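Trainee:
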Amino acid sequence: MWLFDRDLWLEIFNTLGKNLFRTFLTMLGVIFAMVILMLLLGSANGMSNGFNKIFAGTASNSLFVWSQSTSEPYKGFERGRRINFRLEDAEILKNQIPEIEVLAPRIELGSHRDVVTVYRNGRTSGSSVYGDFPAIDNITKKQLVEGRFINQNDINDDKKICVIGEETFKLLFDKNENAIGANVRINGVFFTVVGIYKPSKNINIDGENAVFIPFTTFQKAYGSGDRMGWMAISVEAGKKVPVIEQKIKKILKAKYDIAPTDERGIGSFDMSEIFNNITAFTTVLKAFSFFIGIFTLLAGVIAISNILLITVKERTKEIGVRRALGATPKVVKRQIVLEAIVLTGFAGLIGFSISVAILGVLDNMFGSGEEFPFQNPMVSIPQFLISFFLMVGLSVLIGLIPANRAIRIKPIDALREE
Amino acid sequence: MGSNSLHVLKGINFSVKEGELVAIMGSSGSGKSTLLNILGMLDELDEGSYTLDGVPIKNLNETKAAQYRNKFLGFIFQSFNLINYKSAAENVALPLYYQKVGRKERHEKAIKYLEQVGLKQWSSHLPSELSGGQKQRVAIARAMAAEPKVLLADEPTGALDSKTSYEVMDLIQKINDAGNTILIVTHEPDIADMCKRIVHLKDGVIVEDKVVEQVRAQQYV
Chain B
1074 MWLFDRDLWL EIFNTLGKNL FRTFLTMLGV IFAMVILMLL LGSANGMSNG FNKIFAGTAS
1134 NSLFVWSQST SEPYKGFERG RRINFRLEDA EILKNQIPEI EVLAPRIELG SHRDVVTVYR
1194 NGRTSGSSVY GDFPAIDNIT KKQLVEGRFI NQNDINDDKK ICVIGEETFK LLFDKNENAI
1254 GANVRINGVF FTVVGIYKPS KNINIDGENA VFIPFTTFQK AYGSGDRMGW MAISVEAGKK
1314 VPVIEQKIKK ILKAKYDIAP TDERGIGSFD MSEIFNNITA FTTVLKAFSF FIGIFTLLAG
1374 VIAISNILLI TVKERTKEIG VRRALGATPK VVKRQIVLEA IVLTGFAGLI GFSISVAILG
1434 VLDNMFGSGE EFPFQNPMVS IPQFLISFFL MVGLSVLIGL IPANRAIRIK PIDALREE
Chain X
148 MGSNSLHVLK GINFSVKEGE LVAIMGSSGS GKSTLLNILG MLDELDEGSY TLDGVPIKNL
208 NETKAAQYRN KFLGFIFQSF NLINYKSAAE NVALPLYYQK VGRKERHEKA IKYLEQVGLK
268 QWSSHLPSEL SGGQKQRVAI ARAMAAEPKV LLADEPTGAL DSKTSYEVMD LIQKINDAGN
328 TILIVTHEPD IADMCKRIVH LKDGVIVEDK VVEQVRAQQY V
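Sequence order for the protein chains is B and X.
For the first sequence, this note's numbering assigns the number 1074 to the initial residue and increments by one for each residue that follows.
For the second sequence, this note's numbering assigns the number 148 to the initial residue and increments by one for each residue that follows.
1) Which residue wins for smallest C-alpha separation from Val1308 of chain B, given the options B:Thr1334, B:Gly1149, B:Asp1080, B:Asn1211?
2) For chain X, check one thing: does any of its Cβ atoms lie closer than 7 Å to the Cβ of Pro1475 of chain B?
3) May I ask you to list, following chain order, the residues of the region 204–230 of chain X that have a beta carbon less than 7 Å from some beta carbon of chain B?
4) Hey, is Ala1479 of chain B's beta-carbon within less than 7 Å of any beta-carbon in chain X?
5) Got a sec: is the Cβ-Cβ distance from Asp190 of chain X to anything in chain B below 7 Å?
6) Contact check, Val1267 of chain B vs Gly1220 of chain B under 8 Å by CB: the rounded distance?
7) Note down, in chain order, every chain X residue with its Cβ under 7 Å from the Cβ of Pro1484 of chain B.
8) Can you say whether Lys1326 of chain B is buried or exposed, counting buried as having 16 or more other CB atoms within 10 angstroms of its CB?
9) Can you check whether the CB of Leu1101 of chain B is closer than 7 Å to the CB of Ser1362 of chain B?
10) Out of curiosity, what's the CA-to-CA distance linking Ser1142 of chain B and Ile1156 of chain B?
11) On the premise that Leu229 of chain X lies in contact with Pro274 of chain X, defined as a C-beta separation below 8 Å, what is that separation, rounded to the nearest angstrom?
12) Would you verify that the beta carbon of Val1108 of chain B is, or is not, closer than 7 Å to some beta carbon of chain X?
13) Does Glu1391 of chain B come within less than 7 Å of chain X when only Cβ atoms are used?
14) Where does Leu1093 of chain B land, buried or exposed, given buried means 16+ other C-beta within 10 angstroms?
15) Compile a chain-ordered list of the residues in the region 326–340 of chain X whose CB is closer than 9 Å to at least one CB of chain B.
16) Relative to the C-alpha of Gly326 of chain X, which candidate in X:Arg289, X:Glu276, X:Leu298, X:Gly195 has its C-alpha closest?
17) Taking Cβ positions only, does Gly149 of chain X come closer than 7 Å to chain B?
18) DSSP state of Pro1207 of chain B, grouped into three classes?
19) Taking a contact to mean a Cβ-Cβ separation below 7 Å, would you say Tyr313 of chain X touches Ala364 of chain X in this structure?
20) Just by C-beta distance, which residues in the region 249–261 of chain X are closer than 7 Å to chain B?
21) Between Leu156 of chain X and chain B, is there a C-beta pair that is closer than 7 Å?
22) Would the region 1375–1382 of chain B and the region 1102–1111 of chain B be scored as touching if the rule is three or more Cβ pairs under 8 Å?
23) Might you give, ordered along the chain, the residues of its own chain that have their beta carbon closer than 8 Å to the beta carbon of Lys343 of chain X, omitting 5 neighbours on each side?
24) Would you say the region 1163–1182 of chain B touches the region 1349–1367 of chain B, given that touching needs at least three Cβ pairs under 8 Å?
25) Is Leu199 of chain X helix, strand or coil by DSSP?
26) Which of helix, strand or coil does DSSP assign to Lys343 of chain X?
27) Hey, out of B:Asn1277, B:Pro1146, B:Ala1310, B:Ser1200, whose CA is closest to Gln1216 of chain B's CA?
28) On the premise that Gly351 of chain X lies in contact with His154 of chain X, defined as a C-beta separation below 8 Å, what is that separation, rounded to the nearest angstrom?
29) Going by Cα to Cα distance, which pick from X:Ser175, X:Lys282, X:Leu186, X:Tyr245 is closest to Thr198 of chain X?
30) Is the Cβ of Leu241 of chain X closer than 7 Å to any Cβ of chain B?
31) Which chain B residues are close to Asn184 of chain X, counting only those with a beta carbon under 7 Å from its beta carbon?
32) What span of residues does the beta strand (DSSP E) with Gln1408 of chain B cover, start to end?
33) In angstroms with no decimal places, state the Cα-to-Cα distance between Gly1338 of chain B and Gly1366 of chain B.
34) For the alpha helix (DSSP H) holding Met291 of chain X, just list the boundary residues, first then last.
See below:
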């Protein structure tokens, strides 16, 4: 197998090594091209990772539905009627729409975005207070600093426990105080703190300062009966959230006699829309990077081909001698193409190493930032392999130009004495 | 080239037996180089036939021509045509490389032939470190390395002074003495006199073909 022929490679390295400076200059174009391609791809990946970090903990395929007031009269009801969901709606929706994965009902103390005063030892905090089921954690993951979140036992036994945010902790406790096990008072009812969580800076549907208590405890303590304020819903992967959103609204509108055309009776927010926009953005960014990078690479490889063309011209006599000594056109062609491949391959690897180093530095500088979406800007192995083999493939095609030039040299012309 | 055809050789009937040392002479334009190129399969004949060692040489494609050249012929050029970034031994081993001879064997053979031309201790030197006569001797060793049927020399002494020319001719004569067939194109009568047969070409035809008493180059060295 000629691929493992030591002499062949010696021939190639001899030829390339004969003029190291020119070889290096030839490679420079491809090195730069590879660096640019890898940096673009790596940065696009870093940005994508950065967005993923921001949205970590929020189910991408999810939506939120809440009740509002109607804006159209319908079936004898006047406009401006306040709608209140019932807990049974959750079961109805789950039964009628099998695509729903998780449905977590929630109720808020006071009206929406109202704050309730939470007391502890003479200190107060204006917080949003929510009655929740543990399932909410599957849709918006709470980052717990201490303790735990609401669990099924709390629901079953209507435990008077609460999970508070860091902001609430700061207002109610001293810095080093242990909050777990302490009692706080909300609307005259005492709750024991079982967990402290850190709100996400980027996606936050609960407000800055929130307190969570078990849904069942909420019902008993504040006599909310089977009322329900919101539903946090996650949809099976691959199913379109907007479609499910319409189904849910249709069912609820029918149940609560809301005009099908009423845009305001039921509020909703489609989380997947944001994700899709960002995914589309990063995908376009990646594709664009690849596009630019590949063309830069093409330019680099063409430069190699150009230099090889010059080299072939310079080596006319040598090639003629080789032909006279018995080199077949195939052998000559193979040598030139392999020179192109070796040059490109080496240059590509050097460029790759340089870009990995640069990406490492970039990661160190910007990678851990909370605000800027940039994390772990690395090129994936498939991306690298695709780029590398695309580049080598190009070099084969483009190496054929000087190679064909070389085999057109007739030994008789090459050897003609001046 | 190619399209503007010019009849250089106009009817040559010529055969060389094994072991001959033939000088092909003629003024420039007489067709002697064309004849050598055809014999060397570097050029193709339009009409007629050429048989080498019983093999008809006709309608060769480039690959076949290269293989035949490698197997049958050794070339010696006026300007040596050594590859300047390869050592003497590597240059000599090159035809063997194209015969796919193993690396070690190739090197051994190269050293053997360098020894025959008296340059064994120069085997690792680059052509730029050798004198003209030494370069031509390396080229002769290279031509012989593949053990061809015929050595073709195109003005082998054209770039050398007379003393070095006689040294090279002495070497060529010794190689011929060992039984090798050699054709030399030259326009120098003293070089031609050192061969065993002289063929005079003029305007593409053989005007004279005579066997001569060989002048040994040894006496001038």
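We put the beta carbon where it would ideally sit given N, CA and C, even for glycine.
Small disclaimer: the values here were computed from a predicted structure and weren't measured.
Mentor: So, from the listed chains and residues:
1) Locating residue 1308 of chain B in the first sequence gives position 235, where the first residue counts as 1. Nearest C-alpha to Val1308 of chain B among B:Thr1334, B:Gly1149, B:Asp1080, B:Asn1211: B:Asn1211.
2) As a working mapping, residue 1475 of chain B is identified with position 402 in the first sequence. Using beta-carbon distances, Pro1475 of chain B does not count as an interface residue toward chain X, since no partner is under 7 Å.
3) Shown in chain order are the members of the region 204–230 of chain X whose Cβ falls below 7 Å from a Cβ of chain B: Glu209, Thr210, Ala213, Gln214, Arg216, Asn217, Phe222, Phe224, Gln225, Ser226, Asn228, Ile230.
4) The residue you call residue 1479 of chain B lines up with position 406 of the first sequence. Closer than 7 Å: no.
5) Stepping through the second sequence from its first residue, residue 190 of chain X is reached at position 43. Yes, Asp190 of chain X counts as interfacial toward chain B.
6) Translated into positions along the first sequence, residue 1267 of chain B becomes position 194. Translated into positions along the first sequence, residue 1220 of chain B becomes position 147. Val1267 of chain B to Gly1220 of chain B, Cβ: 5 Å. Contact.
7) Taking the first residue of the first sequence as position 1, residue 1484 of chain B is located at position 411. Counting only Cβ-Cβ distances below 7 Å, Pro1484 of chain B has contacts in chain X at Leu189, in chain order.
8) Taking the first residue of the first sequence as 1, we reach residue 1326 of chain B at position 253. Classification for Lys1326 of chain B: buried.
9) As a first step, residue 1362 of chain B is located in the first sequence; it is residue number 289 there, counting from the start. As a first step, residue 1101 of chain B is located in the first sequence; it is residue number 28 there, counting from the start. Cβ distance not < 7 Å, so Ser1362 of chain B and Leu1101 of chain B don't count as in contact.
10) Along the first sequence, one-based indexing puts residue 1142 of chain B at 69. Along the first sequence, one-based indexing puts residue 1156 of chain B at 83. When rounded, the distance between both Cα atoms is 6 Å.
11) Reading the second sequence from its first residue, position 127 is the one you call residue 274 of chain X. Reading the second sequence from its first residue, position 82 is the one you call residue 229 of chain X. About 4 Å; that satisfies the 8 Å criterion.
12) Taking the first sequence and counting its residues from 1, the one referred to as residue 1108 of chain B is at position 35. No, Val1108 of chain B lies away from the interface with chain X (no Cβ there is under 7 Å from its Cβ).
13) As a working note, residue 1391 of chain B is residue 318 in the first sequence. Chain X contact via Cβ: present.
14) As a first step, residue 1093 of chain B must be located in the first sequence, where it is residue number 20. Burial call: exposed.
15) Answer set for the region 326–340 of chain X: empty.
16) Position 179 of the second sequence holds residue 326 of chain X. Residue nearest to Gly326 of chain X within the set X:Arg289, X:Glu276, X:Leu298, X:Gly195 is X:Leu298 (criterion: CA-CA distance).
17) Translated into positions along the second sequence, residue 149 of chain X becomes position 2. Any reading at Gly149 of chain X must be qualified, since the residue scores a pLDDT of 45, below 50, and its modelled position is unreliable; the value itself is stated next. By this cut-off, Gly149 of chain X is not an interface position.
18) Against the first sequence, residue 1207 of chain B aligns to sequence position 134. Helix, per DSSP.
19) If you number the second sequence from 1, residue 313 of chain X lands on position 166. If you number the second sequence from 1, residue 364 of chain X lands on position 217. Yes. Within cutoff.
20) Taking 7 Å as the cut-off between beta carbons, the residues of the region 249–261 of chain X near chain B are Arg250, in sequence order.
21) Against the second sequence, residue 156 of chain X aligns to sequence position 9. The beta-carbon of Leu156 of chain X is placed no less than 7 Å from the nearest beta-carbon of chain B.
22) Touching, yes.
23) Counting from 1 along the second sequence, the entry for residue 343 of chain X is found at position 196. Cβ-Cβ distances below 8 Å link Lys343 of chain X to Glu167, Leu168, Val169, Asn323, Val358, Val359, Gln361 in the same chain, with the five nearest sequence neighbours on each side left out; the list follows chain order.
24) In short, these stretches do not touch, since the Cβ pair count stays below three.
25) Within the second sequence, numbered from 1, the residue matching residue 199 of chain X stands at position 52. Correct three-state label for Leu199 of chain X: strand.
26) One-based indexing of the second sequence puts residue 343 of chain X at position 196. Coil, per DSSP.
27) Walking along the first sequence from the start, residue 1216 of chain B turns up at place 143. Minimum Cα distance to Gln1216 of chain B is reached at B:Asn1277.
28) For the purposes of this step, residue 154 of chain X is taken as residue 7 along the second sequence, with counting starting at 1. For the purposes of this step, residue 351 of chain X is taken as residue 204 along the second sequence, with counting starting at 1. Going by Cβ atoms, the distance from His154 of chain X to Gly351 of chain X rounds to 7 Å, so yes, they are a contact pair.
29) Here residue 198 of chain X is taken as the residue at index 51 of the second sequence, counted from 1. Taking only the C-alpha atoms, the option nearest Thr198 of chain X is X:Leu186.
30) Sequence index remark: in the second sequence, residue 241 of chain X carries index 94 (1-based). Judged by the 7 Å Cβ criterion, Leu241 of chain X is in contact with chain B.
31) In the second sequence, the residue the question calls residue 184 of chain X occupies position 37. The answer, in chain order, is Ile1485.
32) Taking the first residue of the first sequence as position 1, residue 1408 of chain B is located at position 335. No beta strand (DSSP E) contains Gln1408 of chain B, which is instead part of the alpha helix (DSSP H) from 1402–1439.
33) Within the first sequence, residue 1338 of chain B is the residue found at index 265, counting from 1. Within the first sequence, residue 1366 of chain B is the residue found at index 293, counting from 1. For Gly1338 of chain B and Gly1366 of chain B, the distance between alpha carbons rounds to 50 Å.
34) For this step, residue 291 of chain X is matched to residue 144 along the second sequence. In this chain, the alpha helix (DSSP H) harbouring Met291 of chain X covers 279–292.
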